[in-house]
Amino acid sequence: MVSEAAQLPEQMPSPFSLLHPAPSVLAPRVGKFVIPGRKIIQTPHYVAITSRGTIPHLAPDVIREHTSIGSLYLGLEDFLEKAPQATPPILNIPQAPHESRLRKFIAARDDDILVLGTRRTPPVVTPQSNLANGVAVLTSVGFHHLEAPYWLDSLKKLRPDIVIGMSDICYGYPPGVKRREKMVDRTHAYTRDATNQIYHETDPTNSEHRPLYFAPILPLENTQQGLYLDDLVGELRPNISGLALYDAASLDIIPEKLGDLPRLCFSEPATPQQVLREIALGADILTIPFIGNLSNAGIALDFSFLPNEADDEASSSTPKPLAVDFWDPSHAISLAPLKEGCECYACQNHHRAYVCHLLSVKEMLAWTLLQIHNYHVMDLFFTNVRRSIANGTFEADSMAFERRYESSFPEQTGQGPRLRGYSSYVSKREEPKRNAPAYGRLNDALEKYAESQSSVATPDTDAEGLEEKGMGEKSGI
Ligand SMILES: [Zn+2]
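The sequence shown begins at 8 in this note's numbering and counts up by one.
Structure, rendered in structure tokens:
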């Protein structure tokens, strides 16, 4: 089906078309997102989350050979370093007229869809608030403000495929009435200025590389952002190619006239059941932090949206766990694959005991294999979701899924990889440090030893002490 947007002469051809259009805004739908020269995204689907330009634990060749990942979400804050005092390397690397600095810098494939926003997802809560002309961000060397002109200039230099518009969202605390008004006014201004600059650009070298603009919808009531939404439907509509949402409830307030736009959700669903609920409300593309978080925790996904034959045979009345914890020593001698019947590289080539062993010796390959498997399970999940919506059985299949599985993932029992960079930041002063001190036990043992062996010289013993304990004689020189 050709969407309504594509029929309007003043608008760009829409990259998004609904194959199985929903009868209303709040209903599951199947679509296709097409950018020339890039992989096609069949929706509903996920966009893979990156950290500093890469999907954690997956090198570009592993992504290419062992996953089906075709779209990446990147936060500009990951690359800023000491900007604006010093130009970050990503904005400085040479770029041929047909190239994208962003694509080159992160070694992404030519057909990967690159989605760029200001902040990582999920973002670290910053101690500073957003300002009138920019948002507070966390760079690799500390917190600072990313101002709107710098952001727009970076977009021109980086040439992503899709831009998630700058928005004034308060993370870490609920905004008051006055603050909410500011959020709307600022986001409205950012969207107007950015679309003006991007789409009325006179520089011919950049006009061919105009990114698609996804306008943010704030996590507020529609009455609080009514003027902004009206402007999105009216004046701004020709330059908007999609919507970015930060809360599943926002799916409820999308104006019907924006119903044909793809909806990308940054709502951080905690379980596949929540993913299904968002799809039921019409979410098209989702970011899913639990995929990477579970891999880090040593946990492998173990669910399928549609039941397979083995499930029917078992026909157990107790719900099954959604995932398997590989820190559990019961897997130490198991030669079974991570998930029965799984066709991913990890399950085809290795067994549970190997992953269990890799985790216990903190070998990085453990997390790589878990990531390959977990992304594969999510790929199949979304393929079956799309099939189910197209068949008209999505509601019944979702209910059966909820009955078949437990409502939450198993608790993490083992350690993940040592936390570094963004993952190690704590958002509040009173929060404990994320990493336990690596040498704590060694120091502790040494102190105890020194106490019990007071006659033994310790590293703190001075020259007199050493002489006293017969370790040597002080030289007269
Ligand atoms: Zn697998």
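Just so it is clear, CB atoms sit at the ideal spot from N, CA and C, and this is done for glycine as well.
TODO: Could you tell me whether any non-hydrogen atom of ligand 1 is closer than 7 Å to the CB of P130?
DONE: Taking the first residue of the sequence shown as 1, we reach residue 130 at position 123. Flag unset: Cβ of P130 not near ligand 1.
Open item on the list: I believe G172 touches A139 by the beta-carbon criterion, under 8 Å. Please report the beta-carbon distance rounded to the nearest angstrom.
Closed with: Taking the first residue of the sequence shown as position 1, residue 172 is located at position 165. Taking the first residue of the sequence shown as position 1, residue 139 is located at position 132. With a Cβ gap of about 17 Å, G172 and A139 do not count as contacting.
- [ ] Identify whether R270 lies in helix, strand or coil by the three-state DSSP scheme.
- [x] Looking up residue 270 in the sequence shown gives position 263. Correct three-state label for R270: strand.
Task: Reduced DSSP secondary structure (H/G/I, E/B, other) of D332 - done: Within the sequence shown, the letter at position 325 stands for residue 332. D332: strand per DSSP, three-state reduction.
Task: Residues proximal to ligand 1 by C-beta, any heavy atom closer than 6 Å - done: L345, K346, C349, C351, A353, C354, H380, H383
TODO: Determine the contact status of L153 and E84, defining contact as a CB-CB distance below 8 Å.
DONE: What you label residue 153 is simply residue 146 of the sequence shown in a count that begins at 1. What you label residue 84 is simply residue 77 of the sequence shown in a count that begins at 1. Yes. Within cutoff.
- [ ] Report the residue ranges of all beta strand (DSSP E) runs contained in full by the stretch 65 to 114; include only those spanning at least 3 residues, in chain order.
- [x] 78 to 82
Open item on the list: Would L25 and D259 be called neighbours here (beta carbons separated by less than 8 Å)?
Closed with: Position 18 of the sequence shown, counting from 1, holds the residue named residue 25. Position 252 of the sequence shown, counting from 1, holds the residue named residue 259. Cβ atoms of L25 and D259: not closer than 8 Å.
Task: Per-residue burial, D267 [other beta carbons within 10 Å of its own, 16 or more giving buried] - done: In the sequence shown, the residue the question calls residue 267 occupies position 260. By the 10 Å Cβ count, D267 comes out buried.
Open item on the list: For the pair the stretch 395 to 413 and the stretch 369 to 385, tell me if three or more CB-CB distances fall below 8 Å.
Closed with: no
Task: Beta-carbon separation (whole angstroms), Q422 vs I306, contact threshold 8 Å - done: Your numbering for residue 422 matches position 415 in the sequence shown. Your numbering for residue 306 matches position 299 in the sequence shown. 12 Å between Cβ atoms; not a contact.
- [ ] Grab me the residues of A55's own chain with a C-beta within less than 6 Å of its C-beta, minus the 5 sequence neighbours each way, in chain order.
- [x] Taking the first residue of the sequence shown as 1, we reach residue 55 at position 48. Hits under 6 Å: I62, I76, L79.
TODO: Give the secondary structure of F388 by DSSP, where H, G and I count as helix, E and B as strand, and everything else as coil.
DONE: Stepping through the sequence shown from its first residue, residue 388 is reached at position 381. Looking at F388 - three-state DSSP - the assignment turns out to be helix.
TODO: Please list, in chain order, all residues of the same chain as A251 whose beta carbon is under 6 Å from its beta carbon, the five residues on each side excluded.
DONE: Position 244 of the sequence shown, counted from the start, is the residue given in the question as residue 251. I171, F221, P223, L271.
Task: Identity of the residues DSSP links to S367 by a beta bridge - done: The residue you call residue 367 lines up with position 360 of the sequence shown. Beta-bridge pairing links S367 to no other residue.
Task: Under 8 Å between C-beta atoms of P276 and L293 - done: Position 269 of the sequence shown, counting from 1, holds the residue named residue 276. Position 286 of the sequence shown, counting from 1, holds the residue named residue 293. The answer is yes: Cβ separation under 8 Å.
Task: Three-state class that DSSP yields for A143 in the structure shown - done: Stepping through the sequence shown from its first residue, residue 143 is reached at position 136. In this structure, A143 counts as strand in the three-state DSSP scheme.
Task: Three-state secondary structure assigned by DSSP to E320 - done: What you label residue 320 is simply residue 313 of the sequence shown in a count that begins at 1. Residue confidence for E320 is low, a pLDDT of 49 falling below 50, so the modelled location carries little weight; the figure read from the coordinates is stated next. E320 falls in the helix class under three-state DSSP.
Task: Three-state secondary structure (DSSP) of Q49 - done: The count along the sequence shown starts at 1 and reaches residue 49 at position 42. In this structure, Q49 counts as strand in the three-state DSSP scheme.
Open item on the list: Rounded to the nearest angstrom, what separates N398 and E370 at their Cα positions?
Closed with: Translated into positions along the sequence shown, residue 398 becomes position 391. Translated into positions along the sequence shown, residue 370 becomes position 363. So the two alpha carbons sit approximately 44 Å from each other.
- [ ] Would you mind giving the Cβ-Cβ distance between P181 and L123, rounded to the nearest angstrom? I have them listed as a contact below 8 Å.
- [x] What you label residue 181 is simply residue 174 of the sequence shown in a count that begins at 1. What you label residue 123 is simply residue 116 of the sequence shown in a count that begins at 1. Going by Cβ atoms, the distance from P181 to L123 rounds to 28 Å, so no, they are not a contact pair.
Open item on the list: Quick check on S324: buried or exposed, where buried means 16 or more other Cβ atoms within 10 Å of its Cβ?
Closed with: For the purposes of this step, residue 324 is taken as the residue at position 317 of the sequence shown. By the neighbour-count rule (16 or more Cβ atoms within 10 Å), S324 is not buried but exposed.
Task: 3 or more residues per run - each beta strand (DSSP E) lying fully within the stretch 231 to 302 - done: 249 to 252, 270 to 272
Open item on the list: What does the Cβ neighbour count give for S337, buried or exposed, with the cut at 16 atoms within 10 Å?
Closed with: Taking the sequence shown and counting its residues from 1, one reaches residue 337 at position 330. It counts as exposed.
Open item on the list: Between which residues of its own chain and P344 is the CB-CB distance below 6 Å, once the five residues before and five after are set aside?
Closed with: Translated into positions along the sequence shown, residue 344 becomes position 337. C354.
Task: Span separating the alpha-carbon of P104 from that of G44 - done: Here the question's residue 104 lines up with position 97 in the sequence shown. Here the question's residue 44 lines up with position 37 in the sequence shown. C-alpha separation (whole angstroms): 16 Å.
Task: Environment of I484 [buried if 16+ CB atoms lie within 10 Å] - done: Translated into positions along the sequence shown, residue 484 becomes position 477. Here the model assigns I484 a pLDDT of 49, short of 50, so the residue's position is not dependable, and the following value carries that caveat. Exposed, by the Cβ-count rule.
- [ ] Per DSSP, which residues does S58 bridge with? Please list them.
- [x] Along the sequence shown, one-based indexing puts residue 58 at 51. BP columns for S58 point to T61.
- [ ] Go ahead and pull the three-state DSSP assignment for Y178.
- [x] Taking the sequence shown and counting its residues from 1, one reaches residue 178 at position 171. Looking at Y178 - three-state DSSP - the assignment turns out to be coil, as it is neither helix nor strand.
- [ ] Would you identify the three-state DSSP class for L138, choosing helix, strand or coil?
- [x] Start at 1 with the first residue of the sequence shown, and residue 138 comes out as number 131. Residue state, collapsed to three classes: strand.
TODO: Reducing DSSP to helix, strand and coil, say where V132 ends up.
DONE: Working through the sequence shown from its first residue, we reach residue 132 at position 125. Here V132 sits in coil by DSSP.
TODO: Give the secondary structure of L121 by DSSP, where H, G and I count as helix, E and B as strand, and everything else as coil.
DONE: Numbered from 1 along the sequence shown, position 114 holds the residue referred to as residue 121. Three-state result, L121: strand.
Task: Pair within 8 Å by beta-carbon distance, I286 and P35 - done: Indexing the sequence shown from 1 puts residue 286 at position 279. Indexing the sequence shown from 1 puts residue 35 at position 28. It is a contact, given that the beta carbons lie within the stated cut-off.
Open item on the list: Taking the alpha helix (DSSP H) that L219 belongs to, which residues open and close that run?
Closed with: To locate residue 219, count along the sequence shown from 1; it is residue 212. Segment 219 to 224 is the beta strand (DSSP E) holding L219; no alpha helix (DSSP H) there.
Open item on the list: My output table needs one value for H383: the three-state DSSP class, helix, strand or coil.
Closed with: In the sequence shown, residue 383 corresponds to position 376, counting from 1. It is helical.
Task: Cβ-based neighbour list, P279, same chain, cut-off 7 Å, excluding 5 preceding and 5 following - done: As a working note, residue 279 is residue 272 in the sequence shown. These residues qualify, in order along the chain: F310, L329, F388.
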